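Novice:
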Amino acid sequence: MSTTPTAFAGSVWTSPHASKHALLIHGLTSSSQAWYSVANELAARGYQATAPDLLGHGNARRGTAYTIAALADELRPFVAGVHGSEFPGYDLIIGHSLGALVTLAFLSLIPEDKPVRVILIDPPLEIASGNDQFLHGLFIDQITKPLIVEQFCALRPRWSRKDAAWEVLGNHLCGTDVIDAIFEQNGNPWSYTHKLDTIPPQVTLKILAADPSLGALCKAEEAPGFVEVVPGAAHSIQREDLEVVIKAAVPDGPSNISDTLAASVWGSPQSTKHALLIHGLTCSSASIWFRIAPELVKNGYKVSAPDYHGHGIAQSGTEYQISALAATLRPLFTKTPTFSGYDLVIGHSLGGLITLSLLSLIGATDKLVRVVVIDPPLEQDAALVAHFRKMFVEFVTNVRPAETVAGENPLWTRDDVAWHTLSEELCDPAAVEAVFEQNDPWTFGHLLANVPPNIELIVMGADISLLPSFRVEEAIPYPHVKTRVVEGATHMIPREFPDVVVETALHGVPK
Numbered sequence: 302m303s304t305t306p307t308a309f310a311g312s313v314w315t316s317p318h319a320s321k322h323a324l325l326i327h328g329l330t331s332s333s334q335a336w337y338s339v340a341n342e343l344a345a346r347g348y349q350a351t352a353p354d355l356l357g358h359g360n361a362r363r364g365t366a367y368t369i370a371a372l373a374d375e376l377r378p379f380v381a382g383v384h385g386s387e388f389p390g391y392d393l394i395i396g397h398s399l400g401a402l403v404t405l406a407f408l409s410l411i412p413e414d415k416p417v418r419v420i421l422i423d424p425p426l427e428i429a430s431g432n433d434q435f436l437h438g439l440f441i442d443q444i445t446k447p448l449i450v451e452q453f454c455a456l457r458p459r460w461s462r463k464d465a466a467w468e469v470l471g472n473h474l475c476g477t478d479v480i481d482a483i484f485e486q487n488g489n490p491w492s493y494t495h496k497l498d499t500i501p502p503q504v505t506l507k508i509l510a511a512d513p514s515l516g517a518l519c520k521a522e523e524a525p526g527f528v529e530v531v532p533g534a535a536h537s538i539q540r541e542d543l544e545v546v547i548k549a550a551v552p553d554g555p556s557n558i559s560d561t562l563a564a565s566v567w568g569s570p571q572s573t574k575h576a577l578l579i580h581g582l583t584c585s586s587a588s589i590w591f592r593i594a595p596e597l598v599k600n601g602y603k604v605s606a607p608d609y610h611g612h613g614i615a616q617s618g619t620e621y622q623i624s625a626l627a628a629t630l631r632p633l634f635t636k637t638p639t640f641s642g643y644d645l646v647i648g649h650s651l652g653g654l655i656t657l658s659l660l661s662l663i664g665a666t667d668k669l670v671r672v673v674v675i676d677p678p679l680e681q682d683a684a685l686v687a688h689f690r691k692m693f694v695e696f697v698t699n700v701r702p703a704e705t706v707a708g709e710n711p712l713w714t715r716d717d718v719a720w721h722t723l724s725e726e727l728c729d730p731a732a733v734e735a736v737f738e739q740n741d742p743w744t745f746g747h748l749l750a751n752v753p754p755n756i757e758l759i760v761m762g763a764d765i766s767l768l769p770s771f772r773v774e775e776a777i778p779y780p781h782v783k784t785r786v787v788e789g790a791t792h793m794i795p796r797e798f799p800d801v802v803v804e805t806a807l808h809g810v811p812k
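According to the numbering used here, the residues represented by the sequence shown are 302 to 812, in order.
Below is the structure:
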């Protein structure tokens, strides 16, 4: 099974009230999800914020051409219509560091009749000979001599712990070959100030530069008339002074929308098949599906994987009943000219229960839909619930070192371990407590009873000898439910046997 990420990968934050569109382009060794704080603020102000992963970063595919022009060209679908033919264009574009240079490179693609506000955060417009070699070595060290979350928190006291966690993961997912190519293909000389001479008339440009005393890469004299220096802020201004970035981006936008939604996305806007993937407790959308989603894309799917409240790149909430978590995902089912419903839905663990709660909505389409629920904890007695509550709260309160997680899970890859550790860093302990508190008694077997006739429901279980959450006998009263037990798998089937999940999703239960 291939683990090569797809070209079209990124993150989206939105709400049912979104009327404007923002595009966010990350910097070197970062990823789309690292925009979570900016994007959640924009979503609360009525924006749908889309953040692609640059080539060679995050969940995007690897390549060989890493010139600024090539990186910009890779994003052409995001600029020209990743949202479908009805997309009206972006109202706001924000680019950080390398992403700011990529932003400058694709401004010519913006429709002439669409006014757009562009914010560039500390762009490295000019790097003197010698300094480029220093920066090259600095980024190589970030990857080959990785720091842990606590070390980043100490080095960057104005960052949140989540910011530090995303920095750790971004470095893990970006290889030294990408760093080498970026510097080798864009230097000699590294000079992009001339791009400011061709700003289209419909673009309102502002540049936020870091404090010169804190290693700013953008100098005010390089772009007179455009630059605002942010005192006390280092290069990642969006992490150090979020208020300044939001004020520059949305000068008069009140934050009054609470029902926002965040999701990871993979695939082409031209795809005619749609898949929805729902993660489990303490996981996140990208962390559990990063190997499965690209395989679905190869088979013609556009994939959406939401983060529900208190997890991943989503905001925290107050309602954590299974039905309430399912209700927050209802906007994902809104019909459009290019979307008439999902062809495939996969839910793991708690996400499996959420999936079962959504069956009537999933089935509200003319399509035949395959629904795969992976090791759902349908029935748990009070003692077991208390055990799991204590265990999961401990996991997200005192996150285990990667080495410990790897030792406990010998079938996981290094990327699985990195993503899992990050997810536990991002998970709100209060959300975990609330999930158990608000779903007492824990009894959800009845959700198997009412399955719409156009849904093929498959429940996958872990090896009976490895403490499965789902027991095949729980499905016996429901003959319309198909089951499949994965021998040798623990509860974390998507990490240990992603190929089996993909096979089941695409072809059903083997005869």
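Where is the CB? At the ideal position from N, CA and C, for every residue including glycine.
Nothing here was measured: the structure is a model prediction, and the numbers come from that model.
Taking residue 353 and residue 376 to be in contact with their CB atoms under 8 Å, please state how far apart those CB atoms are, rounded to whole angstroms.
Specialist: So it is a contact: roughly 6 Å between Cβ atoms.
Novice: Could you give the residue range of the beta strand (DSSP E) that holds residue 595?
Specialist: Element bounds for residue 595: not the beta strand (DSSP E) but the alpha helix (DSSP H), 593-599.
Novice: For residue 680, which of helix, strand or coil comes out of DSSP?
Specialist: Residue state, collapsed to three classes: strand.
Novice: Using a Cβ-Cβ cutoff of less than 7 Å, which residues in the same chain neighbour residue 575 once the five nearest sequence positions on both sides are dropped?
Specialist: The answer, listed in chain order, is 602, 603, 640, 643, 644.
Novice: Would you kindly work out how many angstroms separate the C-alpha atoms of residue 493 and residue 406, rounded to a whole number?
Specialist: In a straight line, the C-alpha of residue 493 is about 10 Å away from that of residue 406.
Novice: When DSSP builds the beta bridges, which residues end up paired with residue 296?
Specialist: As displayed, the chain neither begins before 302 nor continues past 812, which places residue 296 out of reach and without an answer.
Novice: Tell me, which residues are paired with residue 762 by DSSP?
Specialist: In the DSSP output, where bridge partners are listed per residue, residue 762 has 786.
Novice: Just the C-alpha distance for residue 775 and residue 628, rounded to the nearest angstrom, thanks.
Specialist: Going from the Cα of residue 775 to the Cα of residue 628 covers about 25 Å.
Novice: Below 8 Å, how does it come out for the segment 680-699 and the segment 781-799: are there three or more Cβ pairs, yes or no?
Specialist: The segment 680-699 is not in contact with the segment 781-799.
Novice: Rounded C-beta distance between residue 662 and residue 674? I'm assuming under 8 Å.
Specialist: That belief does not hold up - the Cβ atoms of residue 662 and residue 674 are roughly 15 Å apart, past 8 Å.
Novice: Please check the pair residue 324 and residue 394, which I expect to be a contact at CB under 8 Å, by giving their CB distance rounded to whole angstroms.
Specialist: Right, their Cβ atoms sit about 5 Å apart.
Novice: Please name the residue or residues paired with residue 780 in a DSSP beta bridge.
Specialist: Bridge partners of residue 780: none, in fact.
Novice: What beta strand (DSSP E) runs, 3 residues minimum, are completely inside the segment 509-542?
Specialist: If we require 3 residues or more, the beta strand (DSSP E) runs fully inside the segment 509-542 come out as 528-530.
Novice: Does the pairing of the segment 582-591 with the segment 719-731 give three or more beta-carbon distances under 8 Å?
Specialist: The segment 582-591 vs the segment 719-731: in contact.
Novice: What alpha helix (DSSP H) runs, 4 residues minimum, are completely inside the segment 538-622?
Specialist: Listed in chain order, the complete alpha helix (DSSP H) runs (minimum 4 residues) inside the segment 538-622 are 538-541, 543-550, 586-590, 593-599.
Novice: Just the C-alpha distance for residue 803 and residue 333, rounded to the nearest angstrom, thanks.
Specialist: Taking the straight line from one Cα to the other gives about 25 Å.
Novice: What does DSSP give as the partner residues of residue 497 in its beta bridges?
Specialist: DSSP, once it has assigned bridges, lists no residue as partnering residue 497.
Novice: Measure the alpha-carbon distance for residue 596 versus residue 609 and round it to whole angstroms.
Specialist: Answer to the nearest angstrom: the Cα atoms are 23 Å apart.
Novice: How long is the line joining the alpha carbons of residue 445 and residue 477, rounded to whole angstroms?
Specialist: Distance between the alpha carbons of residue 445 and residue 477: 8 Å.
Novice: Alpha helix (DSSP H) containing residue 479: first to last residue?
Specialist: That run of the alpha helix (DSSP H) goes 477-487.
Novice: Using the beta-carbon count (16 or more within 10 Å), is residue 244 buried or exposed?
Specialist: With the chain covering only 302 through 812, there is no way to say anything about residue 244.
Novice: Within its chain, find whatever has a CB closer than 6 Å to the CB of residue 349; leave out the 5 residues flanking it on each side and keep chain order.
Specialist: Excluding residues within five positions, the ones whose Cβ falls inside 6 Å are 315, 319, 322.
Novice: Report all residues from its chain with a CB closer than 8 Å to the CB of residue 809; omit the five preceding and five following residues, and keep chain order.
Specialist: So the qualifying residues of the chain are 671, 757, 759, 783.
Novice: With DSSP as the reference, label residue 443 as helix, strand or coil.
Specialist: Residue 443 falls in the helix class under three-state DSSP.
Novice: So if DSSP puts residue 507 in a beta bridge, which residue, or which two residues, is it bridged to?
Specialist: Bridge partners of residue 507: 420.
Novice: When the Cα atoms are used, what is the spatial distance from residue 458 to residue 678?
Specialist: Each residue's Cα considered, the two are about 40 Å apart.
Novice: Between residue 735 and residue 747, what straight-line distance do the alpha-carbon atoms span, to the nearest angstrom?
Specialist: Spanning the two alpha carbons is a distance of roughly 22 Å.
Novice: Can you round the beta-carbon distance between residue 508 and residue 524 to whole angstroms, since I take them to be within the 8 Å contact cut?
Specialist: Confirmed, Cβ separation roughly 5 Å.
Novice: Using only CA atoms, which one of 794, 545, 420 lies nearest to residue 580?
Specialist: Here the closest residue by C-alpha is 794.
Novice: What is the C-beta distance between residue 474 and residue 358, in whole angstroms, given that I count them as a contact (C-beta under 8 Å)?
Specialist: About 7 Å; that satisfies the 8 Å criterion.
Novice: Can you tell me the Cα-Cα spacing of residue 486 and residue 479, whole angstroms?
Specialist: Rounded to whole angstroms, residue 486 to residue 479 spans 10 Å at the Cα level.
Novice: Within the continuous beta strand (DSSP E) that includes residue 391, where are the two ends?
Specialist: Looking at the DSSP string, residue 391 is not in any beta strand (DSSP E), and its letter there is neither H nor E.
Novice: Can you look up residue 330 in the DSSP assignment and give me helix, strand or coil?
Specialist: Coil, per DSSP.
Novice: Can you have a look at residue 307 and say buried or exposed, based on whether 16 or more other CB atoms are within 10 angstroms of its CB?
Specialist: Because the pLDDT of residue 307 is 40, which lies under 50, any placement of that residue in the model is unreliable, and the number read from its coordinates should be weighed accordingly. The residue in question, residue 307, is buried, as its Cβ has 16 or more Cβ neighbours within 10 Å.
Novice: Quick check: what's the CA-CA separation for residue 605 versus residue 649?
Specialist: Their backbone Cα atoms lie some 14 Å apart in a straight line.
Novice: Check for me: the alpha helix (DSSP H) holding residue 732 runs from which residue to which?
Specialist: Note, residue 732: alpha helix (DSSP H), 730-738.
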